[in-house]
Amino acid sequence: MPSNLEIFPSQSQSFFLSGPAGQLQCHIDYPQPLRDAAMRQGIVIVCHPHPLHGGTMTNKVVTTVARSFNHLGLPSIRFNYRGVGESAGSYGDTIGEAEDLRAILTWIQTHRPDYPIYLAGFSFGTVVVSRVAMNPVIKQLLLIAPPVNHYDFTSLPKPVCPRFVVIGEVDEVVPCKEVEAWVEVAKPQPKLITVEETSHFFHSKLITLKDIIVTHYQPLIVEL
């Protein structure tokens with residue numbers, strides 16, 4: 586796999602980037618022109634769930650989010666945090682993982698400085714993306730099942746962009762009611778969609794999740 590900061594992939598492929606703890610294992614997916622929307626300027630970075638509980642960039646929710654943005658005409662980047670898969674380093678308790686994300690943001694800004702960037706996180710990944718939310722290049726945060734029962738989201742940096750929150754009604758890891766209560770008092774207040782009869786990992790509901798993402802983001806992305 587390519588391993589340097591001098592090139593920006595022009596097609597779907599796996600590659601390595603230099604991160605603060607060593608190499609970061611990454612994968613970029615481009616829209617399929619015969620199936621998806623016309624290519625647009627912009628990119629989404631998707632952050633995976635907890636690395637100490639089996640979370641990786643191949644998680645089904647993560648890949649569904651990536652494909653959703655591909656459907657809208659944007660390339661998507663997934664990566665393994667430090668210590669996961671072939672990424673160097675060890676668990677960083679959201680702080681180290683946010684440093685990894687910042688390295689990828691810097692790389693994108695170096696090679697595609699005019700690209701608006703969307704961030705998406707699932708579960709633990711929502712904390713990671715929230716830690717970099719002050720970066721003005723970020724256009725919007727997608728937070729899927731944010732674990733407000735395990736992390737104090739009120740102490741995280743206030744974003745300078747809108748937030749879109751999706752939670753399963755019967756999430757067995759993150760209580761739906763606690764997410765709804767957090768959204769109610771969060772400033773600025775995120776938009777929230779609660780998906781009926783849906784668990785934490787969106788079993789049998791991944792197509793529904795994709796439809797929600799496409800419906801929400803299509804009006805925003807067609808402006809790019």
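Residue 586 is where the sequence shown starts when you use the numbering used here, and the numbers rise one by one after that. For glycine and all other residues, C-beta sits at the position ideal for the given N, C-alpha and C.
Could you give the DSSP three-state label for residue i: helix, strand or coil?
i	result
Ile592	coil
Cys746	coil
Ser675	coil
Ser597	coil
Ser653	helix
Gln617	coil
Pro636	helix
Gln694	helix
Val799	helix
Leu805	helix
Ala834	No statement about residue 834 is possible, as the shown extent of the chain runs from 586 to 809 and does not include it.
Lys790	coil
Ala718	coil
Gly681	helix
Going by DSSP, name the residue or residues bridged to residue i.
i	result
Ile689	DSSP output for Ile689 lists no bridge partner at all.
Ala606	BP columns for Ala606 are empty, so no partner.
Ala705	Val631, Leu727
Lys776	Phe749
Phe664	Cys611
Is it buried or exposed for residue i, if we count other Cβ within 10 angstroms and need 16 for buried?
i	result
Thr711	buried
Gly607	exposed
Pro636	buried
Thr649	buried
Gly753	buried
Gln596	exposed
His633	buried
Gln803	exposed
Asn549	What the structure shows of the chain is the stretch from 586 to 809, and residue 549 is not part of that stretch, so it cannot be assessed.
Are the segment 783-791 and the segment 641-651 in contact at 8 Å, needing three or more beta carbon pairs? Note that the segment 783-791 touches the segment 641-651; at least 3 beta-carbon pairs, one per stretch, sit closer than 8 Å.
(Q) Contact between the segment 701-721 and the segment 673-686 is defined here as three or more beta-carbon pairs at a separation below 8 Å; is this criterion met? (A) Segments in contact, yes.
- Task: Spell out a yes or no on whether the segment 688-702 and the segment 729-737 are touching, meaning 3 or more CB-CB pairs, one atom from each, closer than 8 Å.
- Result: Flag = no, the segment 688-702 and the segment 729-737 do not touch.
How do the segment 656-671 and the segment 625-636 stand: do at least 3 beta-carbon pairs fall below 8 Å, yes or no? The segment 656-671 and the segment 625-636 touch, with no fewer than 3 CB-CB distances between them shorter than 8 Å.
>> For the segment 757-764 against the segment 790-809, do three or more pairs of beta-carbon atoms, one drawn from each stretch, fall closer than 8 Å, so that the two count as touching?
In response: The segment 757-764 makes no contact with the segment 790-809, as fewer than three CB pairs between them are under 8 Å.
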